[in-house]
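Chemist: First to last, the protein sequences are chains A and B. Under this note's numbering, the first sequence has 61 at position 61, and the numbering climbs by one with no breaks. Whatever position you read off the second sequence (first residue = 1), add 1000 for this note's numbering.
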Amino acid sequence: AQSVTQPDIHITVSEGASLELRCNYSYGATPYLFWYVQSPGQGLQLLLKYFSGDTLVQGIKGFEAEFKRSQSSFNLRKPSVHWSDAAEYFCAVGRSNDYKLSFGAGTTVTVRA
Amino acid sequence: EAQVTQNPRYLITVTGKKLTVTCSQNMNHEYMSWYRQDPGLGLRQIYYSMNVEVTDKGDVPEGYKVSRKEKRNFPLILESPSPNQTSLYFCASSLDMSTSSPLHFGNGTRLTVT
Chain A
1 AQSVTQPDIH ITVSEGASLE LRCNYSYGAT PYLFWYVQSP GQGLQLLLKY FSGDTLVQGI
61 KGFEAEFKRS QSSFNLRKPS VHWSDAAEYF CAVGRSNDYK LSFGAGTTVT VRA
Chain B
1001 EAQVTQNPRY LITVTGKKLT VTCSQNMNHE YMSWYRQDPG LGLRQIYYSM NVEVTDKGDV
1061 PEGYKVSRKE KRNFPLILES PSPNQTSLYF CASSLDMSTS SPLHFGNGTR LTVT
């Protein structure tokens, strides 16, 4: 079975600074990888996904993520955060042969002025 | 507007009193799923449905029931709620069951069982 670890429970970052959220997965084959964002009181929204090909994927809201097979990681980055990026972020891994998605525990991002 | 609608948004109930949380999507999606979100645990899948009249258990199905009589609706039923079912619940749908189809989430239902 696959699993996902998000090592950072909470990150505080200054507005305009860069942000990196870590995600490590465990899965025997090539995984499908996702990052979702949850704003307060809202459901989850897809930021980006990786299935194959270029290991650097671009998403919405200026986010990008890099798949590193050797490190079993799929870290999310943004060069310059905005106050509206304050939210909870979830990494998820899926199997290629069905729709079994496993979510990480989430990382809460606080943006200070 | 394409959306997944859950009702109610907030629900407080007592142990043992049957309840239903409704979920409806207007995107003609085949796949629908229920998750619960608990602090430190992320989202865990309760049940999912691949199409009308086809449902299957997720990771934490105990104490829950679902039905899929119509494509657009996927209600979550708690026959006899218990305090350990206090949680934030999300319904989600996607075009099909392939992992390449992104999930569309409802805004959640916060359930408290006393």
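Built from N, CA and C at the ideal position, the CB exists for glycine as well.
1) Should THR107 of chain A go down as buried or exposed, given a rule of 16 or more other Cβ atoms within 10 Å for buried?
2) In three-state terms, what does DSSP make of ARG69 of chain A?
3) What does a CB cutoff of less than 8 Å around GLY104 of chain A pick up in its chain, not counting 5 residues either side in sequence?
4) For THR12 of chain A and VAL1054 of chain B, I'd like the C-alpha separation in whole angstroms.
5) For SER102 of chain A, I'd like the list of residues in its chain whose CB is within less than 7 Å of its CB, leaving aside the five on either flank, ordered along the chain.
6) Please classify THR110 of chain A as buried or exposed, where buried requires at least 16 other C-beta atoms within 10 Å of its C-beta.
7) Apply the 10 Å Cβ neighbour rule to ALA17 of chain A and answer buried if 16 or more other Cβ atoms are within range, or exposed otherwise.
8) Roughly how far, in whole angstroms, is the beta-carbon of ARG1009 of chain B from the beta-carbon of ASN1107 of chain B, given that I think they are within contact range, below 8 Å?
9) Decide yes or no for the touch test of the stretch 1027-1037 of chain B against the stretch 1071-1090 of chain B: beta carbon pairs closer than 8 Å, at least 3 of them.
10) Exposed or buried, what is TRP35 of chain A when buried is set at 16 or more other beta-carbons lying within 10 Å of its beta-carbon?
11) Pairs of beta-carbons, one from the stretch 28-45 of chain A and one from the stretch 76-91 of chain A, closer than 8 Å: are there three or more?
12) Would VAL1014 of chain B be called buried (16 or more neighbouring beta carbons within 10 Å of its own) or exposed?
Modeler: Concretely, from the data shown:
1) Locating residue 107 of chain A in the first sequence gives position 107, where the first residue counts as 1. With 16 or more other Cβ atoms within 10 Å, it is buried.
2) Locating residue 69 of chain A in the first sequence gives position 69, counting from the first residue. The answer is helix: DSSP assigns ARG69 of chain A an H, G or I state.
3) Numbered from 1 along the first sequence, position 104 holds the residue referred to as residue 104 of chain A. Only VAL4, THR5, GLN6, CYS23, PHE90, CYS91, ALA92 meet the Cβ criterion.
4) Stepping through the first sequence from its first residue, residue 12 of chain A is reached at position 12. Stepping through the second sequence from its first residue, residue 1054 of chain B is reached at position 54. Near 44 Å, if we compare the C-alpha coordinates of VAL1054 of chain B and THR12 of chain A.
5) Position 102 of the first sequence holds residue 102 of chain A. So the list reads GLN2, SER3, VAL4, ALA92, VAL93, once near-sequence residues are dropped.
6) Position 110 of the first sequence, counted from the start, is the residue given in the question as residue 110 of chain A. Classification of THR110 of chain A: exposed, given that the 10 Å Cβ count is below 16.
7) Within the first sequence, the letter at position 17 stands for residue 17 of chain A. Classification of ALA17 of chain A: exposed, given that the 10 Å Cβ count is below 16.
8) For this step, residue 1009 of chain B is matched to residue 9 along the second sequence. For this step, residue 1107 of chain B is matched to residue 107 along the second sequence. Between ASN1107 of chain B and ARG1009 of chain B the Cβ distance is about 7 Å, and since that is below 8 Å, they are a contact.
9) yes
10) Counting from 1 along the first sequence, the entry for residue 35 of chain A is found at position 35. The residue is buried, with at least 16 neighbouring Cβ atoms inside 10 Å.
11) In short, these stretches touch, since the Cβ pair count reaches three.
12) Locating residue 1014 of chain B in the second sequence gives position 14, counting from the first residue. VAL1014 of chain B comes out exposed.
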